[in-house]
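Here the structure is laid out as C-alpha cells; the discussion comes afterwards.
Chains as they are written, first to last, in the working numbering: chain A, 48 to 161; chain B, 28 to 142.
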C-alpha cells in the first residue's frame, strides 16, 4: 500500500442525492487534509484531521458537507443534498505530521452532479 | 489572509530550453513553507520542490530550482532542460502553522513543451 488512495475515482449523481467519498491515507500518517478543485482552478482547503478529530473544518462551504475519520486512518467526506455547484475534483492528502512533512496526494474523486 | 497569485495562465517552452514560472504570495506569518506542485492530466498532485521561508538558500532539485525573494514575497520556479514529461499544470502553494499547515494554492500555470 504505497500511496494515498481515493474511491471512487469518478462519481456521477443527481441533484439532491447523498454521496460519500473515501480516502485511505498512507499508513502511519496522522494528518489528513481534504481539498476541492473546481475546473480550471487551484484546490481549496475543506477540512483537516489530526488523528481522529477534525482540527480545522473552516473550509467546509456549508452544513451539507461533513467528514469523519473515526479510527484515525480512513476518512469519508459526506455531501448531503448535492447541488450542481458541488461538481469538482475532491482531493485527499496525508502527511506524517503537519508542517515540515510533505503532503502526499491521492488521485482525487471527480464528482459530477447532474 | 494568506493569498497566492500565479499571473501566467499558460506558458510554452521549446524542449531542452529553460522556462520560469512566476508566483507571488502574501502572509502575515514569519515562519512558513512554499511549494511547487505538478498536476498532470492524471490529476495526481506531485511535489516538485519545497522551500522553508527561514532558509535563505534557494532550493534545488535536479533540473528544478526556485528564486525565493522573501522581501518581495516572490517564489518563481525555473525548469532547466525542459522535457516533454514536464508538460502539466504547475501550482504554487503556501502553508503555515497559523492555518494548520493547510495548503493555500494559486490558480495554476499550464506548461506546454514544444518538441
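We put the beta carbon where it would ideally sit given N, CA and C, even for glycine.
Sort out for me which residues DSSP pairs residue i with in a bridge.
{"i": "residue 104 of chain B", "result": "B:48, B:93"}
{"i": "residue 136 of chain A", "result": "A:84, A:157"}
{"i": "residue 142 of chain A", "result": "A:78"}
{"i": "residue 123 of chain B", "result": "B:59"}
{"i": "residue 39 of chain B", "result": "B:139"}
{"i": "residue 82 of chain B", "result": "Partner(s): none; residue 82 of chain B has no beta bridge."}
{"i": "residue 72 of chain B", "result": "Residue 72 of chain B pairs with nothing; no bridge assigned."}
{"i": "residue 57 of chain A", "result": "A:157"}
Counting only the same chain and skipping the five closest in sequence on each side, list residues whose C-beta sits under 6 angstroms from that of residue i.
{"i": "residue 122 of chain B", "result": "60, 128, 130"}
{"i": "residue 89 of chain B", "result": "none"}
{"i": "residue 89 of chain A", "result": "none"}
{"i": "residue 108 of chain B", "result": "43, 90"}
Note down, in chain order, each residue of its chain lying with its Cβ closer than 7 angstroms to the Cβ of residue i, except the 5 sequence neighbours on either side.
{"i": "residue 59 of chain A", "result": "159, 161"}
{"i": "residue 116 of chain A", "result": "79, 96, 99, 122"}
{"i": "residue 135 of chain A", "result": "83, 84, 85, 158"}
{"i": "residue 62 of chain A", "result": "129, 130, 131, 160, 161"}
{"i": "residue 133 of chain A", "result": "126, 158, 160"}
{"i": "residue 134 of chain B", "result": "33"}
{"i": "residue 51 of chain B", "result": "32, 100, 101"}
Might you give, ordered along the chain, the residues of its own chain that have their beta carbon closer than 8 angstroms to the beta carbon of residue i, omitting 5 neighbours on each side?
{"i": "residue 85 of chain B", "result": "78, 92, 93, 94, 95"}
{"i": "residue 141 of chain B", "result": "39, 40, 41, 42"}
My understanding is that residue i touches residue j, with C-beta atoms under 8 angstroms, so please give their C-beta distance in whole angstroms.
{"i": "residue 53 of chain B", "j": "residue 100 of chain B", "result": "6 angstroms"}
{"i": "residue 140 of chain A", "j": "residue 51 of chain A", "result": "7 angstroms"}
{"i": "residue 137 of chain B", "j": "residue 67 of chain B", "result": "Their Cβ separation, rounded to whole angstroms, is 11 angstroms, which puts residue 137 of chain B and residue 67 of chain B out of contact at 8 angstroms."}
{"i": "residue 30 of chain B", "j": "residue 105 of chain B", "result": "In fact, because the Cβ distance is near 23 angstroms, the residues do not count as touching under 8 angstroms."}
{"i": "residue 106 of chain A", "j": "residue 94 of chain A", "result": "6 angstroms"}
Contiguous beta strand (DSSP E) assignments of at least 3 residues, all confined to the stretch 62 to 131 of chain A: 66 to 71, 78 to 84, 91 to 97, 100 to 103, 112 to 115, 122 to 126
Chain B contacts from the stretch 98 to 130 of chain A (Cβ-Cβ distance under 9 angstroms): The residues in question are 102, 103, 105, 106.
Near-chain A residues of the stretch 51 to 84 of chain B - C-beta to any C-beta below 9 angstroms: Listed in sequence order: 60, 62, 64, 66, 69, 70, 71, 72, 73, 74, 77, 79.
For the stretch 96 to 123 of chain B, list every residue whose C-beta sits within 7 angstroms of some C-beta in chain A, in sequence order. 118
Members of the stretch 50 to 73 of chain A near chain B, C-beta cut-off 8 angstroms: Against chain B - using a Cβ distance shorter than 8 angstroms - the stretch 50 to 73 of chain A contributes no residues.
Name the residues in the stretch 127 to 138 of chain B whose C-beta lies less than 7 angstroms from a C-beta of chain A; which are they? 127, 128, 129, 130, 132, 133, 134, 135
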